[in-house]
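K.L.:
Just so you know, the sequences run in chain order A and B.
In this text, residue positions in the first sequence follow our numbering: the first is 4, and each later residue adds one.
In this text, residue positions in the second sequence follow our numbering: the first is 344, and each later residue adds one.
My questions all concern the structure below.
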Amino acid sequence: MDTQIALPTSAPTFDVERVRADFPILSRSVHERKGKPGKPLVYLDSAASAQKPRQVIDAMTRFLEEDYSNIHRGVHFLSQTATDQFEEARRKVARFLNAPSERNIVFTRSATEAVNLVAHSYGRTFLSEGDEIIVSVMEHHANIVPWQLLQMDKGIRIRVVPVDEHGVLDLNAYEDLLSDRTKLVAMTHCSNVLGTVTPAKIIARMAHERGVPVLFDGSQAAVHGVVDVQDIDADFYIMTGHKLYGPTGTGVLYGKYDLLKKMPPYQGGGDMIESVSFEGTTFKAPPARFEAGTPAITEVIGLGVALDYMESLGREAIAAHEHDLLQYATQQLSQIDGLRVYGTAPGKGPIISFTLEGVHPHDLGTIVDQYGVAVRVGRHCAEPLMERFGVGATARASFALYNTRAEADALVESVIAVKEFFGA
Amino acid sequence: MMDELRELYQEVILDHGKNPRNFRHPDDANREAKGENPMCGDRFMVYLKLKDGVVEDVAFQGRGCAISTASASMMTEVVKGKTEAEAKALFETFHDLCTKDDHEHGDHGPVDEDAMERLMVLSGVRQFPVRVKCATLAWHAMNAAIEGEDKASSE
């Protein structure tokens, strides 16, 4: 099977209780009322944003208390110290993705900004009227709307690869859509709604046969498995720090260096120029060229620590643990009459979107929340996919390295309570 | 089941949520407005038949959660037969009911007290701030339709 998310081959040694102790927020209760104890938090919304381990929180606090300064511009001691730590984080990200060099890593404020960077810089430079971009129907809005803005500006066309009823990408349709007009493929590596992992290596190879570069949105995929951008042969790969147990304000754009090198700046400002004069300004080489303004210094350093944390647990062990939770929770949920799971692709990530017959997901979300169970309900920033499955909204439970089978049970119990409540 | 949930999902609401009244598209409607909650995907069309400043008929269609459906259904029941001014006063008063403590309620002119009494069952949303938009969605659409606009958002 061509999947770049390595699945476990051996029994994991994963002490989830020890892992949970690293996440201070997981010990809290919610909905405490006068005189009544609350419910233990069952956090099943990590696909929206993951909780942070103490290691990350402490590292950021320590940096702010001891080493904080602006970077890349001071001769003083602290500026050098802060710059070293910031650039060390870049090396960590490069290692995390198996990028050839830290020069391939651009820090942005979010995955959304990273897509916008490519759409703006690469798109406006190398695409023109009549050119086509191929996406899939299961993209997050962050990998749709930036291309629509480019469409408005440049008159390009967006082609959409469908999925089958399991949520598996239709590779034949993809092949049919690839043509001489195709100038870029922008595809999710793991759907935030269905959990489907796309065959990135095949997608890239098929595009490359036509000389078309490929961008992968790895916002979910990078969390749940080992991503190797060189093995995939991705031209651009995007991920976001806050889903990787790191802070908000940290996005990552990996780009092949020859592509980054020929791309013009995305935003202008400090830190991205060689020299500025009113006769003309010259720009730094990537990645600095794309990092105008003071970045999220503390947060990027925190992201580096979050990646260290994942490596320390073992990314394959994490994937194995999450896969176990996915299988267990799917099995348990499926026993509930009237419950339908959306997304049953083989090798999917630990994300379960579902509906319960006769109950609107919004009502379900409110009620399970009273039991301490945090799930996402709604359209998940993926409206075209909702249309594809003919559903207005779903509930989504997503599992992370700190979740347990007992929490999957709590979800199931709370959903059964919803069912009883509505007599559904 | 917790008290707060029972407060939110009273029997009347569950009933209207399952069996909404005036869930139809009247042929002779002369005003309509869409109400949409972009966060959850709930979408209603509210249809009015206005004649000489009176809401002669009001109905709705669409999809939404139990709270938004029940509120839309009850809205159609209480607004029918009201003048435009009375319907708007009901909207404003109901909006206060869902969002403000009792002592903060404003004076929106004469309002049908019996109707407000019936709508009290929806006041439980005050304990669930994210659900206020559900309870007021169809009302916003009704108000927009009276004002001659074609859509309202509860965002």
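Every residue, glycine too, gets a C-beta built ideally from N, C-alpha and C.
Against chain A, does residue 357 of chain B count as a neighbour if the rule is that its beta carbon must be under 8 Å from one of theirs?
P.N.:
So yes, residue 357 of chain B belongs to the interface.
K.L.:
Looking at C-beta atoms only, is the number of pairs between the region 106 to 113 of chain A and the region 133 to 144 of chain A that lie closer than 8 Å three or more?
P.N.:
With the cut-off at 8 Å, the region 106 to 113 of chain A and the region 133 to 144 of chain A do not touch.
K.L.:
Taking the continuous alpha helix (DSSP H) assigned at residue 118 of chain A, which residues delimit it?
P.N.:
Here the alpha helix (DSSP H) through residue 118 of chain A covers 114 to 120.
K.L.:
According to DSSP, is residue 126 of chain A helix, strand or coil?
P.N.:
Reduced to three states, the DSSP call for residue 126 of chain A is helix.
K.L.:
Given a cut-off of 8 Å on the beta-carbon distance, is the pair residue 240 of chain A and residue 232 of chain A in contact?
P.N.:
Going by C-beta atoms, residue 240 of chain A is nearer than 8 Å to residue 232 of chain A.
K.L.:
Exposed or buried, residue 355 of chain A, counting other C-beta atoms within 10 Å across all chains shown (16 or more means buried)?
P.N.:
It is buried - the Cβ of residue 355 of chain A has at least 16 other Cβ atoms within 10 Å.
K.L.:
Between residue 274 of chain A and residue 288 of chain A, is the Cβ-Cβ spacing less than 8 Å?
P.N.:
Not in contact: residue 274 of chain A and residue 288 of chain A (Cβ atoms no closer than 8 Å).
K.L.:
If you pair each beta-carbon of the region 403 to 414 of chain A with each one of the region 359 to 372 of chain B, do three or more pairs fall below 8 Å?
P.N.:
At 8 Å Cβ cutoff, the stretches do not touch.
K.L.:
In three-state terms, what does DSSP make of residue 463 of chain B?
P.N.:
Of the three classes helix, strand and coil, the one that applies to residue 463 of chain B here is helix, per DSSP.
K.L.:
So residue 185 of chain A packs on residue 208 of chain A, CB below 8 Å; how close in whole Å?
P.N.:
Actually they are not in contact, since the Cβ atoms of residue 185 of chain A and residue 208 of chain A sit about 14 Å apart, beyond 8 Å.
K.L.:
Are the beta-carbon atoms belonging to residue 432 of chain B and residue 401 of chain B less than 8 Å from one another?
P.N.:
No, the pair does not count as a contact, with Cβ atoms beyond the cut-off.
K.L.:
Kindly say whether residue 471 of chain B, judged by its beta-carbon, lies nearer than 8 Å to any beta-carbon of chain A.
P.N.:
Interface residue, yes.
K.L.:
Out of A:103, A:59, A:48 and A:382, which one is the CA nearest neighbour of residue 25 of chain A?
P.N.:
For the residues A:103, A:59, A:48 and A:382, the minimum Cα distance to residue 25 of chain A belongs to A:59.
K.L.:
Looking at residue 328 of chain A and residue 376 of chain A, is the spacing between their C-beta atoms short of 8 Å?
P.N.:
Contact flag unset, no.
K.L.:
Checking contacts by CB at 8 Å: is residue 59 of chain A closer than that to chain B?
P.N.:
It does not: the Cβ of residue 59 of chain A has no partner Cβ on chain B nearer than 8 Å.
K.L.:
Given a limit of 8 Å on CB to CB distance, which residues of the region 365 to 381 of chain A reach chain B?
P.N.:
Residues 365, 366, 369, 370, 373, 380 and 381.
K.L.:
Please name the residues in the region 397 to 421 of chain B whose beta-carbon is closer than 9 Å to at least one beta-carbon of chain A, in chain order.
P.N.:
Per Cβ criterion, the list reads 406, 407, 408, 409, 410, 411 and 412.
K.L.:
Using CA atoms only, rank isn't needed, just tell me which of A:326, A:246, A:226 and A:161 is closest to residue 54 of chain A.
P.N.:
Checking every option, the nearest Cα to that of residue 54 of chain A belongs to A:246.
K.L.:
Going by beta carbon distance, what residues of the same chain come within less than 8 Å of residue 238 of chain A, once the five residues before and after it are set aside?
P.N.:
These residues qualify, in order along the chain: 207, 216, 217, 218, 258, 259 and 262.
K.L.:
What does DSSP give as the partner residues of residue 420 of chain A in its beta bridges?
P.N.:
Residue 420 of chain A pairs with nothing; no bridge assigned.
K.L.:
Quick check: the region 444 to 454 of chain B against the region 349 to 356 of chain B, are at least 3 beta-carbon pairs closer than 8 Å?
P.N.:
No: the two stretches stay apart, fewer than three of their Cβ pairs being nearer than 8 Å.
K.L.:
Name the chain B residues that come within less than 9 Å of residue 395 of chain A, Cβ to Cβ?
P.N.:
In chain order: 383, 384, 385, 386, 406 and 407.
K.L.:
If we count Cβ pairs, one from each stretch, closer than 8 Å, do we get three or more for the region 164 to 180 of chain A versus the region 117 to 125 of chain A?
P.N.:
Contact fails: fewer than three Cβ-Cβ distances are below 8 Å.
K.L.:
Anything in chain A within Cβ reach of residue 390 of chain B, meaning under 7 Å, just list it in chain order.
P.N.:
In chain order: nothing, as chain A lies at least about 20 Å away.
K.L.:
Do you know offhand how far residue 193 of chain A's Cα is from residue 369 of chain B's?
P.N.:
Going from the Cα of residue 193 of chain A to the Cα of residue 369 of chain B covers about 45 Å.
K.L.:
May I have the straight-line CA-CA distance separating residue 374 of chain A from residue 334 of chain A, to the nearest angstrom?
P.N.:
One C-alpha to the other measures close to 21 Å.
K.L.:
Can you confirm whether residue 477 of chain B, when its beta carbon is compared against all beta carbons of chain A, has any partner nearer than 8 Å?
P.N.:
Chain A contact via Cβ: present.
K.L.:
Measure the CB-CB distance between residue 157 of chain A and residue 130 of chain A and report whether it falls below 8 Å.
P.N.:
Yes, Cβ-Cβ distance for residue 157 of chain A and residue 130 of chain A is below 8 Å.
K.L.:
Applying a beta-carbon distance threshold of less than 8 Å, which residues of chain A neighbour residue 463 of chain B?
P.N.:
Here the premise fails: no neighbours, minimum Cβ distance about 20 Å.
K.L.:
Please list, in chain order, all residues of the same chain as residue 426 of chain B whose beta carbon is under 6 Å from its beta carbon, the five residues on each side excluded.
P.N.:
Here the set comprises 396 and 397.
K.L.:
Quick one: Cα of residue 474 of chain B to Cα of residue 370 of chain A, how far?
P.N.:
Approximately 12 Å between the Cα atoms of the pair.
K.L.:
Name, please, each residue of chain A whose Cβ falls closer than 8 Å to the Cβ of residue 364 of chain B.
P.N.:
Under the 8 Å cutoff, chain A gives no residues; its nearest Cβ is about 18 Å from residue 364 of chain B.
K.L.:
Since residue 486 of chain B is in the alpha helix (DSSP H), which residue starts that stretch and which ends it?
P.N.:
From DSSP, the alpha helix (DSSP H) with residue 486 of chain B extends over 475 to 489.
K.L.:
Under a Cβ-count criterion, where at least 16 other Cβ atoms within 10 Å of its own Cβ denotes burial, should residue 67 of chain A be classed as buried or exposed?
P.N.:
Classification for residue 67 of chain A: exposed.
K.L.:
State the start and end residues of the unbroken beta strand (DSSP E) segment that holds residue 185 of chain A.
P.N.:
Run containing residue 185 of chain A: 185 to 191, per the beta strand (DSSP E) assignment.
K.L.:
Could one say the Cβ of residue 347 of chain B lies closer than 8 Å to chain A's Cβ atoms, at least one of them?
P.N.:
Yes, its Cβ sits closer than 8 Å to a Cβ of chain A.
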